[in-house]
Structures are given as structure tokens and as C-alpha cells.
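Trainee:
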Amino acid sequence: MEFWLESLVAIVLVIGGVFLLIGSIGLVRLPDIYTRLHGPTKATTLGIAGLLLASSVVSSFAEGSISIHEWLITLFLLITAPVSANMIAKTALHHGLPAIERTKGQELMEQANRQAPPTGMTTSLESDAKDKQP
Amino acid sequence: MLKWAIIIVAALICVALFMNLWRLIQGPSIQDRILALDTMYINSIALIILYGINVGTGLYFEAALLIAMLGFVSTSALCKYLLRGDLIE
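Chains as they are written, first to last, in our numbering: chain A, 1 to 134; chain B, 1001 to 1089.
1. In the DSSP assignment, find the unbroken alpha helix (DSSP H) run with LEU1035/B in it and report its ends.
2. In chain order, which alpha helix (DSSP H) runs of at least 4 residues are fully inside the region 9 to 72 of chain A?
3. Of the residues that make up the region 1006 to 1018 of chain B, which ones have a beta carbon closer than 9 Å to any beta carbon in chain A?
4. Closer than 6 Å by C-beta to GLY135/A: which residues in its own chain qualify, once you throw out the five before and the five after it? Chain order, please.
5. I need the DSSP call for ARG102/A, collapsed to helix, strand or coil.
6. DSSP state of GLY1071/B, grouped into three classes?
7. Less than 9 Å separating the beta-carbons of PHE76/A and ALA1068/B?
8. Mapping the DSSP letters down to three states, classify LEU1087/B as helix, strand or coil.
9. State the Cα-Cα distance for the pair ARG29/A and ILE22/A, rounded to the nearest angstrom.
10. LEU1082/B touches chain A at which residues, Cβ-Cβ below 8 Å?
11. Confirm, please, whether the CB-CB distance from LEU53/A to THR74/A is below 9 Å.
12. Would you say LEU1087/B lies against chain A (beta-carbon separation less than 9 Å)?
13. Would you tell me roughly how many angstroms separate the C-alpha atoms of SER84/A and SER65/A, rounded to the nearest one?
14. Using 10 angstroms around the beta-carbon of GLY1085/B, count the other beta-carbons present and answer buried if the total reaches 16, otherwise exposed.
15. Can you tell me where the alpha helix (DSSP H) with GLU2/A in it begins and where it stops?
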């Protein structure tokens, strides 16, 4: 492998690893669950995208043709990370976990909790049905 | 140069995995534990990909893809269980 390509891959690898570590530091250090969601879902996704970019370059060089299937994992993680973060935040709201003092819009947490799936979604569907019936 | 980068990144990921393990054990609420488990899945995917670069085969990407899918499904299943008390209604 040529020197410039190898150094490029090494730099991208180290950047990805540092972002993975930053995401985990955020998971440990941040004060409550709503802020803790930010570390793993943003920084860690960027870090693993960097690692997969480096791996894609290495295997493209080794095979002599462009290797696509690393991008499958990147695309999958980019799609699923926000979805799982949303579900965890919804679960935390449903269980009424407290946010830190400085969180803005805390009066909306009660309302968001009432609209959560166990009661909120069904009642909104029922009210829609009632509106349509007459 | 690539060898050294791989060693450094593996060390970083191992430190990150230990931090996730600390949050998994410590975590005050169960949502923290789910989040730590999800992050551990992603970090283990990173370790597997790193090993694939080191060995030089494309064999490990299927394992990484499988772990990514199972991680998302298990996270959503745990959240769904906590939200509704049931998985399949």
C-alpha cells in the first residue's frame, strides 16, 4: 500500500476511534438520561462511520475494485441510531425520569408523557373515530 | 503506520467499552442500562471491523452487519417491553 494512502487511512481510523471514545465519555459524564442520549447516538455513529470509511478504502485497495458492502453497515447504523434514541427517550418520559434543572420546556414533559403510546395514541385514534362517526 | 493506528484505536475502543460497562452496572435507571448496551453493541462492531482490517479479509463484515441488526432489534424490543409491558400483542 502506498504511503499517502496508508497515512490517510490511519488518520481516518484514529479520528473514528477518538469519536467513539468521546461518545462513551459522554455516556459516563453527562448528568441525566436525556443529555446522556446525545453522546452515543451522535458521536459514536460518526466514529463508526469513520472506521467503516477506512475499512472500505483498505479493502477496495486490496481487492482492486470498489468495495461497497461496508456502506451497508454505515447506512443501517445511520438509520437506526435516531430511531433507538427516540424509543429510549420515549421510555424515559413514560417512566417519568427527572431532567436536570436547566432543561428548557420541562412543563411539556407532563403533556408528552400523557400522549405516550399506552394511553395517548389509542385515545387520539378513538377521538378521530368519534369525529368521523356522526 | 497502519499497524500502530490499529493498536491505538483498539486501545481507545477498549477504554470506551469499559466506560460503557461502568454505566451498564452503575446506571441509575433501566433506560441508562439499555443505552449502555446499545453503545456496547456499536463499540463491538467497531472492534470486529478493526480486526477485519488487521487480518485483511472481508469475512467479518457479515458478522458486523448481523450484530448491528440484532442490536437495533434488541434495543427496540426492550424499549417496547418497558413502554407497553408486552412485546407481541
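No residue lacks a Cβ here, since even glycine has one placed at the ideal position from N, Cα and C.
Mentor: Quick answer:
1. 1030 to 1055
2. 33 to 36, 44 to 63
3. ILE1006, ILE1008, VAL1009, ALA1010, ALA1011, LEU1012, ILE1013, VAL1015, ALA1016, LEU1017, PHE1018
4. The structure shown does not extend to residue 135/A, since chain A spans only 1 to 134, so no value can be given for it.
5. coil
6. helix
7. yes
8. coil
9. 10 Å
10. THR91, HIS94, HIS95
11. yes
12. no
13. 34 Å
14. exposed
15. Taken as a continuous stretch (DSSP letters only), GLU2/A belongs to no alpha helix (DSSP H), as it is neither H nor E.
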